[in-house]
Structure formats: structure tokens, C-alpha cells
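Take a look at the structure below.
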Amino acid sequence: MPTERRWVTLTTKGASQMNELVKMLQKAAKDEHAAVIQYLRHAYMLGEGEEACEIEAIARDEMRHFWMLSRWIRKLGGTPTIERNPVDLGGTAISDWMHRDEEAEKRAIALYRDYIAHIKDPALKADIERILADEENHREIFAHLAGKFRRLQSAEGRVPPQSEAPSLLPADREALEWGVRHEYTALLQYLFHSFMVKDEEASRQLELQAINEMQHFGWLAEELAGKGREMPLEPHPADLSLEPSSMLRADIKLEQDTIRKYEHFIQRVQDAKLKKLLTFIQNHEMYHEGLFKRLLSQLQG
Ligand SMILES: [Fe+2]
Ligand SMILES: [Fe+2]
Ligand SMILES: [Fe+2]
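Numbering (my numbering), first residue to last: 785 to 1085.
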């Protein structure tokens, strides 16, 4: 009897520690998610140029961190989260945006240093150390950019007032805003499904298509920012099914609805360049639909 009780105590303790660890990683994943959106919005508002590319590259690093953390959450028996912690989009001068991004990096550095002190698993510790090294590098880049834009003190360093924004027809704006929100949703949904599905081929394919949706997101958000409009920050509701066939059925439905919606926009948008872009993206979605259908029939054997 005493042995049995001891066993129970130990496993309970183990489970609660595991739970604690999952919660820590989920918090970090929500921060990484926020960083991706905050930095992308800043990069797109900056428009084309060396600095925007640099910030976009940092956002891609944060996406990789999100992916690494989510994979660990799954490995530890938890459920990855697609929730996002608050983003800091205050400030009107670019130097101010860069300063806020630097502050976000400082918070991440403090968080990961604290995690490293508490994590015992050597593989997880190594991954967190790798993430921390990235954040330290990012902090330096943002500090440098904040200084650079502060020194510029010119029209370049300021956000153009709304009155100077190029014109954008309502139909074109609606297509872009809907598209950004949709692509954000698709990317989160496919990533979540890729984390949860056990079948390796399905997981890899879902991950690849999530990356493709992220490209779509970038193209549309950049287009919107080029017209002086802020990218929407909220996705549509995502399907978080846990059973593989339900996941794929939801993914197929999302693609079908999207193909129809893009068709509707293609007929209505005025800008020829935008029409071409939407047609190109719609073509990818048709590929996704076919791919998900094949994966579903493979899974159903
Ligand atoms: Fe990060
Ligand atoms: Fe897409
Ligand atoms: Fe798609």
C-alpha cells in the first residue's frame, strides 16, 4: 500500500509539473504569435526597402519560434494554442514603432531567461536557448533601427497622414481586407491541424500549405499597406477539430468557400493588378482543395 501511494504521488507531481511546463510554453507561443503580427504590420507599413525586409525576416524567425514551441507543447501532451497575446501598435513615428518592437524583444528575453533557469529537459533547454539567442539579435536590430529612424527626423520617418493615402475603391478594399483575414485564419487552422494530426505525410502537407497561406497573407497585407490602409488584425473563426477526418473536411470546406469568395471578388475588383493577384491566389486554393481531398481519402484508406 505505501508503495502504491508513493507511486500515485510521484505521477501526480510529474503530471502537474508537465502541465505547468505546457502552460509556460503556451504563454510564450501567444507572445511569439503577437510578435509576428506586430512586426509584420510595421514592416508592411514601412513599404518596400531594406528595413522592411529586415523586419519581415525577424517576423519569420518569430513564426519559427511559434512552431518550435507548439511542437514541444504537443510532445509534452498539451494542445498548441492559436490564441494571441496583445500587440503593441501604438506610436505614430517609425522610430517609436521600432522602440516598441525593441521593448517586446526585451520582454521575450526576460521570459526565456527565466524559463531556462527552470527547465530541466536538455533538449527543450537547448531549443529555448536557441530562441533566446535570436531574440537578443532582434533586440539589437530594433535598437539600431529605432536610432536610425530617430536620426532621420524627416518626412520619411513619419507615417503619411490619412489624407495622403492613395485612393482605394470600396470593392478592392473589401477584397483585400477579407483576404487578409481569411489567409490569417487558414494559416492558423492548417498549422494547428499539422500539430495535431499523427499521420506524418498529412502533418507535413498541412504545414507546407500553412506556409503558402502565409505568403498569400503577406501579398494581400502588403498591397493594403501600399494603399495606406492598416491590415486587419483579427482572423475569422478557425476550425480546431482534433480528429483527422474532421480536420481535413473542415480544411476542404474552407478552401471551397474561399475559392467561391475569391471568384466573387475577381468579378468585382477594379484594379487589374489586384485582379491578377487574386486569380493567382485562387489557383493555389484550388490546388489546396485537391490536395486535402487526396489526403482525406488516403486517411480513410
Ligand atoms: Fe521569438
Ligand atoms: Fe490562401
Ligand atoms: Fe488555401
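Glycine included, C-beta positions come from ideal geometry on N, C-alpha and C.
These figures come from a predicted structure and were not determined experimentally.
When you compare only the Cα positions, how much space is there between residue i and residue j?
i: R868; j: R1078; result: 32 Å
i: G941; j: L1032; result: Per-residue confidence for G941 stands at a pLDDT of 45, beneath the threshold of 50, marking its modelled position as unreliable; no derived number is given.
i: Q801; j: A843; result: 31 Å
i: S951; j: F1001; result: 21 Å
i: M1070; j: G1085; result: 23 Å
i: R858; j: M808; result: 13 Å
i: L1026; j: R891; result: 32 Å
i: D1023; j: Q973; result: 6 Å
i: E889; j: Q1082; result: 43 Å
i: L1061; j: N996; result: 14 Å
i: E967; j: I893; result: 30 Å
i: C837; j: I821; result: 15 Å
i: A907; j: T865; result: 21 Å
i: S978; j: R935; result: 45 Å
i: A799; j: D983; result: 26 Å
i: Y1046; j: I1065; result: 9 Å
i: M998; j: L971; result: 6 Å
i: L830; j: I878; result: 8 Å
i: E961; j: T1063; result: 16 Å
i: K909; j: P1019; result: 32 Å
Out of the options, which has the shortest C-alpha to C-alpha gap to residue i?
i: D885; options: H1068, E840, L1017, S1030; result: E840
i: L1017; options: L1080, T969, Q1040, L1038; result: T969
i: D905; options: V806, G1085, T863, L1026; result: V806
i: A959; options: H1048, R855, Y1071, L972; result: H1048
i: E1007; options: A907, V964, Y1071; result: V964
i: L824; options: M847, A813, A812; result: M847
i: A754; options: E887, D983, K1045; result: Since the first residue shown for the chain is 785 and the last is 1085, residue 754 is missing from the structure and cannot be characterised.
i: F850; options: M980, R1044, L975; result: L975
i: W856; options: A827, W962, G874, K811; result: K811
i: A813; options: L853, E985, H826; result: L853
i: L873; options: M1015, M980, A986, E1039; result: M1015
i: R1044; options: K1057, N1067, M829; result: N1067
Can you name, in chain order, every residue of its own chain whose Cβ lies under 7 Å from the Cβ of residue i, other than the five neighbours on each side?
i: M882; result: F926, L929, A930, F933
i: Q1054; result: L953, A955, D956
i: Y896; result: I912, I915, L916, E919
i: L860; result: M802, L805, V806
i: E835; result: L929
Once the 5 residues before and after residue i are set aside, which same chain residues still bring their CB inside 8 Å of it?
i: L1075; result: Q989, Q993
i: K1059; result: I1050, V1053
i: L1080; result: S1029, L1032, R1033, I1036
i: D845; result: D918, H922
i: A949; result: K1011, G1012, R1013
Using the rule of at least 16 other Cβ atoms within 10 Å of the residue's Cβ for burial, across every protein chain shown, is residue i buried or exposed?
i: D1035; result: buried
i: E832; result: exposed
i: H1072; result: buried
i: P1021; result: exposed
i: F924; result: In the sequence on display, residue 924 carries Glu and not Phe. Counting Cβ neighbours within 10 Å, E924 comes out exposed, since fewer than 16 surround it.
i: P944; result: Residue placement at P944 is flagged as unreliable, the pLDDT there being 48, under the threshold of 50; a coordinate-derived value is accordingly withheld.
i: T1042; result: buried
i: A827; result: buried
i: P870; result: exposed
i: D898; result: exposed
i: H817; result: buried
i: E1039; result: buried
i: A986; result: buried
i: A901; result: exposed
Less than 6 Å between C-beta atoms, sequence neighbours within five positions excluded: which residues of the same chain meet that for residue i?
i: G752; result: Because residue 752 is not part of the residues shown, which for the chain are 785 to 1085, the question remains open.
i: E991; result: S978
Worksheet item: What alpha helix (DSSP H) runs, 4 residues minimum, are completely inside the stretch 1036-1076?
Response: none
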